[in-house]
């Protein structure tokens with residue numbers, strides 16, 4: 004695969020010419036990212052609801068496609084039950100996210116909180132088993148930060164959703180400016 008050759012001067016020149024010839028696409032992407040980032044800071048509620056709406060649409064479409072695979076599998080006498088179950092669950096979750104976006108946001112934040120707490124606990128357990136010369140303090144620091152983050156998300160989930168939206172906006176702003 005020639006896409007991954009880094010030492011080829013002709014290939015490097017071709018890449019540079021392609022990027023230079025399409026500069027306006029990168030500029031447009033940057034402007035759109037900046038606008039999205041500003042929108043995430045100015046209208047964080049609308050931004051997080053839009054993300055939930057996109058997720059809901061994806062889950063419904065993914066479920067429908069899984070059901071289509073199940074039907075095709077059943078016609079060919081193949082195993083299809085899990086595909087059907089996956090499709091039905093996907094559609095149900097997508098519809099639930101569309102009907103109850105606040106609960107969907109809350110569930111997402113709680114999942115992130117649980118993940119942060121569990122990963123922090125695992126990091127702490129791992130750090131205890133390490134020798135001090137192997138960066139134990141960094142792992143302990145990371146564990147403490149992760150546990151604190153998870154705890155804060157559980158205590159104040161809607162503030163956590165707001166901050167998550169701001170992080171997404173900040174990421175878009177930085178990428179847009181770069």
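Residue numbers (the numbering used here): 4 to 181. Glycine included, every Cβ here is placed at the ideal spot set by N, Cα and C. Source: prediction; values computed, not measured.
Compute every distance between the C-beta of residue 171 and the non-hydrogen atoms of the ligand MN, then say whether any falls below 7 Å.
As for the ligand MN, it is missing from this structure, which has no ligand bound.
Nearest to residue 53 by alpha carbon, out of 176, 71, 88, 103?
For the residues 176, 71, 88, 103, the minimum Cα distance to residue 53 belongs to 103.
Rounded to whole angstroms, what's the CA-CA distance from residue 164 to residue 129? Just pull it up for me.
Their Cα atoms are separated by approximately 29 Å.
If we ignore side chains and look at the alpha-carbon of each, how far apart do residue 20 and residue 33 end up?
Each residue's alpha carbon lies about 20 Å from the other.
Going by beta carbon distance, what residues of the same chain come within less than 7 Å of residue 168, once the five residues before and after it are set aside?
Cβ neighbours of residue 168 beyond the five flanking positions: 43, 47, 50, 51.
Per DSSP, what kind of secondary structure is residue 4 in: helix, strand or coil?
Annotation note: pLDDT 49 at residue 4 (below 50); position unreliable, coordinate value reported separately. Correct three-state label for residue 4: coil.
May I have a chain-ordered list of the alpha helix (DSSP H) segments no shorter than 4 residues that lie completely inside the segment 27-90?
Segments of the alpha helix (DSSP H) lying fully in the segment 27-90: 47-78.
Under three-state DSSP, which class holds residue 11?
Residue 11: coil per DSSP, three-state reduction.
Return the Cβ separation of residue 101 and residue 73 in integer angstroms, given the expectation that the two are a contact with Cβ distance under 8 Å.
With a Cβ gap of about 23 Å, residue 101 and residue 73 do not count as contacting.
Counting C-beta neighbours from all protein chains within 10 Å, is the total for residue 55 16 or more, i.e. buried, or is it exposed?
The residue in question, residue 55, is buried, as its Cβ has 16 or more Cβ neighbours within 10 Å.
Compute the distance between the beta-carbons of residue 179 and residue 28, then report whether it is under 8 Å.
Not closer than 8 Å, so no.
Near residue 122, what residues of its chain come up, given a Cβ to Cβ distance below 7 Å and the 5 sequence neighbours on each side ignored?
Same-chain partners within the cutoff: 149.
Over the uninterrupted alpha helix (DSSP H) stretch that includes residue 174, give me the two end residues.
Counting along the chain, the alpha helix (DSSP H) containing residue 174 begins and ends at 160-180.
Could you have a look at residue 147 and say whether DSSP puts it in helix, strand or coil?
Reduced to three states, the DSSP call for residue 147 is helix.
Give me the Cβ distance between residue 2 and residue 63, rounded to the nearest whole Å; I'm assuming they're in contact under 8 Å.
The structure shown does not extend to residue 2, since the chain spans only 4 to 181, so no value can be given for it.
With a threshold of 16 other CB atoms inside 10 Å of the CB of residue 172, please say whether the residue is buried or exposed.
Counting Cβ neighbours within 10 Å, residue 172 comes out buried, since at least 16 surround it.
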